[in-house]
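Line order of the protein sequences matches chains L and W.
Residue numbers 1 to 276, in full-length UniProt numbering, belong to the letters of the first sequence in order.
Residue numbers 1 to 276, in full-length UniProt numbering, belong to the letters of the second sequence in order.
2 protein chains.
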Amino acid sequence: MKFKIPKTPAVRVKGKSFRLAAVDPDAATPFAHKRLSAEAAQPRLLVLRQRLCVLQEMLYAEHKRSLLIVFQALDTGGKDGAVKNLLTGVNPAGVQVTSFKAPSEEEMSHDFLWRIHARTPTKGHIGVFNRSHYEDVLVTRVHGLIDDKTARQRFEAINNFESLLTRNGTLILKFFLHISKQEQAERLQERLDDPSKNWKFDPNDIKERAHWDEYQHVFEDALRHCSPDSAPWFVVPADRKWVRDLAIIEIVVAALEDMNPKPRPVNFDPKQQVII
Amino acid sequence: MKFKIPKTPAVRVKGKSFRLAAVDPDAATPFAHKRLSAEAAQPRLLVLRQRLCVLQEMLYAEHKRSLLIVFQALDTGGKDGAVKNLLTGVNPAGVQVTSFKAPSEEEMSHDFLWRIHARTPTKGHIGVFNRSHYEDVLVTRVHGLIDDKTARQRFEAINNFESLLTRNGTLILKFFLHISKQEQAERLQERLDDPSKNWKFDPNDIKERAHWDEYQHVFEDALRHCSPDSAPWFVVPADRKWVRDLAIIEIVVAALEDMNPKPRPVNFDPKQQVII
Numbered sequence: 001m002k003f004k005i006p007k008t009p010a011v012r013v014k015g016k017s018f019r020l021a022a023v024d025p026d027a028a029t030p031f032a033h034k035r036l037s038a039e040a041a042q043p044r045l046l047v048l049r050q051r052l053c054v055l056q057e058m059l060y061a062e063h064k065r066s067l068l069i070v071f072q073a074l075d076t077g078g079k080d081g082a083v084k085n086l087l088t089g090v091n092p093a094g095v096q097v098t099s100f101k102a103p104s105e106e107e108m109s110h111d112f113l114w115r116i117h118a119r120t121p122t123k124g125h126i127g128v129f130n131r132s133h134y135e136d137v138l139v140t141r142v143h144g145l146i147d148d149k150t151a152r153q154r155f156e157a158i159n160n161f162e163s164l165l166t167r168n169g170t171l172i173l174k175f176f177l178h179i180s181k182q183e184q185a186e187r188l189q190e191r192l193d194d195p196s197k198n199w200k201f202d203p204n205d206i207k208e209r210a211h212w213d214e215y216q217h218v219f220e221d222a223l224r225h226c227s228p229d230s231a232p233w234f235v236v237p238a239d240r241k242w243v244r245d246l247a248i249i250e251i252v253v254a255a256l257e258d259m260n261p262k263p264r265p266v267n268f269d270p271k272q273q274v275i276i
Numbered sequence: 001m002k003f004k005i006p007k008t009p010a011v012r013v014k015g016k017s018f019r020l021a022a023v024d025p026d027a028a029t030p031f032a033h034k035r036l037s038a039e040a041a042q043p044r045l046l047v048l049r050q051r052l053c054v055l056q057e058m059l060y061a062e063h064k065r066s067l068l069i070v071f072q073a074l075d076t077g078g079k080d081g082a083v084k085n086l087l088t089g090v091n092p093a094g095v096q097v098t099s100f101k102a103p104s105e106e107e108m109s110h111d112f113l114w115r116i117h118a119r120t121p122t123k124g125h126i127g128v129f130n131r132s133h134y135e136d137v138l139v140t141r142v143h144g145l146i147d148d149k150t151a152r153q154r155f156e157a158i159n160n161f162e163s164l165l166t167r168n169g170t171l172i173l174k175f176f177l178h179i180s181k182q183e184q185a186e187r188l189q190e191r192l193d194d195p196s197k198n199w200k201f202d203p204n205d206i207k208e209r210a211h212w213d214e215y216q217h218v219f220e221d222a223l224r225h226c227s228p229d230s231a232p233w234f235v236v237p238a239d240r241k242w243v244r245d246l247a248i249i250e251i252v253v254a255a256l257e258d259m260n261p262k263p264r265p266v267n268f269d270p271k272q273q274v275i276i
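#1: Where does the unbroken alpha helix (DSSP H) through tryptophan 199/L begin, and where does it stop?
#2: On the three-state DSSP scale, how would you describe glycine 144/W?
#3: Please list the segments of the beta strand (DSSP E) lying wholly inside the stretch 86-165 of chain W, counting only runs of 3 or more residues, in order along the chain.
#4: Can you tell me whether arginine 167/W is buried or exposed, with buried defined as 16 or more other CB within 10 angstroms of its CB?
#5: Taking the beta strand (DSSP E) that alanine 73/W belongs to, which residues open and close that run?
#6: Using a Cβ-Cβ distance cut-off of 8 angstroms, determine whether lysine 123/W contacts chain L.
#7: Leaving out the 5 sequence neighbours to the left and right, which residues in its chain are closer than 8 angstroms to proline 263/L when beta-carbon positions are compared?
#8: On the CB-based measure, 16 or more other CB atoms within 10 Å of its CB, does glutamine 72/L come out buried or exposed?
#9: Taking 8 angstroms as the threshold (C-beta atoms), are proline 30/L and proline 237/L in contact?
#10: CA-CA distance, aspartate 136/W and leucine 165/L?
#11: On the criterion of 16 or more Cβ atoms from any shown chain inside 10 Å, does asparagine 91/W qualify as buried, or is it exposed?
#12: Under 8 angstroms between C-beta atoms, does phenylalanine 129/W make it to chain L?
#13: CB-CB under 6 angstroms to aspartate 202/W, same chain, minus the five flanking residues each way: which ones, in chain order?
#14: Thinking C-alpha only, which one of Ala118/L, Leu246/L and Glu107/L is nearest leucine 177/L?
#15: Suppose the cutoff is 8 angstroms on Cβ atoms and the five residues either side in sequence are ignored; what does the same chain contact list for tyrosine 215/L look like?
#16: By a C-beta neighbour count over all protein chains shown, 10 Å radius and 16 as the cutoff for buried, is glutamine 96/L buried or exposed?
#17: Counting beta carbon pairs with one atom in the stretch 142-156 of chain W and one in the stretch 189-199 of chain W, are three or more of them shorter than 8 angstroms?
#18: Could you give the residue range of the alpha helix (DSSP H) that holds leucine 173/L?
#19: Apart from the five residues just before and just after lysine 181/L, which ones in its own chain have a Cβ nearer than 7 angstroms to its Cβ?
#20: Answer with yes or no whether the minimum CB distance from threonine 88/W to chain L is below 8 angstroms.
#21: Decide yes or no for the touch test of the stretch 95-110 of chain W against the stretch 104-114 of chain L: beta carbon pairs closer than 8 angstroms, at least 3 of them.
#22: What are the boundary residues of the beta strand (DSSP E) that proline 43/W is part of?
#23: Using the C-alpha atoms, what's the distance from lysine 64/L back to proline 265/W?
#24: Starting from phenylalanine 201/W, find everything on chain L with Cβ-Cβ shorter than 9 angstroms and list it in chain order.
#25: Below 7 angstroms on C-beta distance, what does lysine 84/W contact in chain L?
#26: Using only the alpha-carbon positions, how far apart do arginine 224/W and glycine 77/L sit?
#27: Would isoleucine 275/W and alanine 210/L be called neighbours here (beta carbons separated by less than 8 angstroms)?
#28: Tell me, please, which residues DSSP counts as bridged to tryptophan 233/W.
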């Protein structure tokens, strides 16, 4: 990751002293400084989306490297919305989205990275993980399925795994969508109050909400241990959806611009080819 | 397939007497009758794209059925362009695109539907096949890898396989993008003349072009044998890209409108849920 990270409200996690509580989920600086608001950000968003389309085509034409974008958040944190708003407008043939659910029996019969590895993006593609291998150091810890020692071993396994991918030409960007407990309450309530959103509500979310503080702790621990320069975490203030979306696309486009993908060279002489 | 097929230049294949040569690759009727042109079609295209977005979200919210769209064509027929122009603007999280290449050694060690079955769309998703199981009754026949008897057995296997999918809630729409030999020559030449398109050119396309008539024959045979009401083929005049794209999205949207997906009912009482 040599690319110049653009100035957004998102915080790049670096070092073991990182504190999640120090990031305000409602932050809008420096966007707000630039007099941006949900509406005023639209023109910039459009420019970035068009640019993302072009860069995706070039990545595909190059057919050498790939991009993996990981989204993690607490329930209602906005993972679905972030995926949709980042990638709608990009050719779906160039995008591979995987939404990881609770593992199946077959998946549980392997190591925790087995099912993840199978879904890493192919050359020339943008892969998106809606949830990921990080679930295995989050929900499992909160519910006491693994102890701290196992968690540390998994952090190491994750770093080794991600290093394998990055050395093979996959750029990894990880986004933690950071919402406040109050914002989560409002979003859950909205899913109950609006009949057209009922299907998005899972009664289990209320039980998980009771573990709020433990989730903040295990997230912070994972972010601290697994954010090397080659596969950094960004904590994205996500109480305001427009701030979340603009911050993410700014970072993704800057990273792709730095990759600067070009169509692959051809191994024939175009002038020698004759169409009969 | 009970949906009312909209009037487009595309021809729905029905019956063993279907003749591919009877479809003009440059046809634009009835679009042209309606005074549509590449530019004049834009407003209609925008309306259909917005509707497709909404229908995809509903299909996802319903989480019960799925849609499978199959694209086949000769080289430069416009499969990539058709996928891009149909689905760019739809949330990529709801779309699963598979571009089938020459089968790998592992894939060849199974029956010809094994790798196809693995990529059928999951509930609530739109699956897109850029090439498909039909390659196994096309390129294989032209190059004499299978005889006519095997081809007929494969037609039966394909119909049985597609019937399994449709009975499981997958709507199947198949599009053959029909170009003229002259149009292919122009498109191949363009890929040679424009350096930015060189990477799209494959010298092997020239060899395949020499088999033009045989490809027309085997395509016609496959279309005739594998176009039941439940999984119909449409032959899309594809010399004009705007005709191709508008015809396809008209048919896809009409089919989804007829499916009329609705968010799945919830198994809890929203009023009884308390967010603490």
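Just so it is clear, CB atoms sit at the ideal spot from N, CA and C, and this is done for glycine as well.
Concretely, from the data shown:
#1: The residue you call residue 199/L lines up with position 199 of the first sequence. Looking at the DSSP string, tryptophan 199/L is not in any alpha helix (DSSP H), and its letter there is neither H nor E.
#2: Mapped onto the second sequence, residue 144/W falls at position 144. Coil.
#3: 95-99 and 126-130
#4: Position 167 of the second sequence, counting from 1, holds the residue named residue 167/W. Flag for arginine 167/W reads exposed.
#5: In the second sequence, counting from the first residue as 1, residue 73/W sits at position 73. Unbroken beta strand (DSSP E) run through alanine 73/W: 66-73.
#6: Against the second sequence, residue 123/W aligns to sequence position 123. Taking Cβ atoms only, chain L never reaches closer than 8 angstroms to lysine 123/W, which makes this a no.
#7: Within the first sequence, numbered from 1, the residue matching residue 263/L stands at position 263. So the list reads Met58, Ala61 and Glu62, once near-sequence residues are dropped.
#8: The residue given as residue 72/L occupies position 72 in the first sequence. Buried, by the Cβ-count rule.
#9: Counting from 1 along the first sequence, the entry for residue 237/L is found at position 237. Counting from 1 along the first sequence, the entry for residue 30/L is found at position 30. No; because the gap between Cβ atoms is not below 8 angstroms, this pair is not in contact.
#10: Position 136 of the second sequence, counting from 1, holds the residue named residue 136/W. Position 165 of the first sequence, counting from 1, holds the residue named residue 165/L. Spanning the two alpha carbons is a distance of roughly 34 angstroms.
#11: In the second sequence, counting from the first residue as 1, residue 91/W sits at position 91. Answer is buried; the Cβ neighbour count reaches 16.
#12: By one-based count along the second sequence, residue 129/W stands at place 129. False, the Cβ-Cβ gap to chain L never drops below 8 angstroms.
#13: For the purposes of this step, residue 202/W is taken as the residue at position 202 of the second sequence. Taken in chain order, the list of residues that qualify is empty.
#14: Along the first sequence, read from residue 1 onward, the residue named residue 177/L stands at position 177. Taking only the C-alpha atoms, the option nearest leucine 177/L is Leu246/L.
#15: Counted from its first residue, the first sequence places residue 215/L at position 215. The answer, listed in chain order, is Leu74, Leu138, Val142 and Glu208.
#16: Within the first sequence, residue 96/L is the residue found at index 96, counting from 1. The residue is buried, with at least 16 neighbouring Cβ atoms inside 10 Å.
#17: no
#18: Here residue 173/L corresponds to residue number 173 of the first sequence, with the count starting at 1. Where leucine 173/L is concerned, there is no enclosing alpha helix (DSSP H), although the beta strand (DSSP E) it sits in stretches over 170-178.
#19: Counting from 1 along the first sequence, the entry for residue 181/L is found at position 181. Counting only Cβ-Cβ distances below 7 angstroms, and skipping sequence neighbours, we find Trp212.
#20: Position 88 of the second sequence, counted from the start, is the residue given in the question as residue 88/W. Closer than 8 angstroms: yes.
#21: no
#22: What you label residue 43/W is simply residue 43 of the second sequence in a count that begins at 1. Premise fails: proline 43/W lies in the alpha helix (DSSP H), 42-62, not in any beta strand (DSSP E).
#23: To locate residue 265/W, count along the second sequence from 1; it is residue 265. To locate residue 64/L, count along the first sequence from 1; it is residue 64. Answer to the nearest angstrom: the Cα atoms are 45 angstroms apart.
#24: Working through the second sequence from its first residue, we reach residue 201/W at position 201. Those are Val266, Phe268, Pro270 and Gln273, listed as they occur along chain L.
#25: Residue numbering aside, residue 84/W sits at position 84 when the second sequence is read from its first letter. Result: Asn91 and Ala93.
#26: Counting from one through the second sequence, the residue named residue 224/W turns up at place 224. Counting from one through the first sequence, the residue named residue 77/L turns up at place 77. When rounded, the distance between both Cα atoms is 50 angstroms.
#27: To locate residue 275/W, count along the second sequence from 1; it is residue 275. To locate residue 210/L, count along the first sequence from 1; it is residue 210. Not in contact: isoleucine 275/W and alanine 210/L (Cβ atoms no closer than 8 angstroms).
#28: In the second sequence, residue 233/W corresponds to position 233, counting from 1. DSSP output for tryptophan 233/W lists Lys174/W as bridge partner(s).
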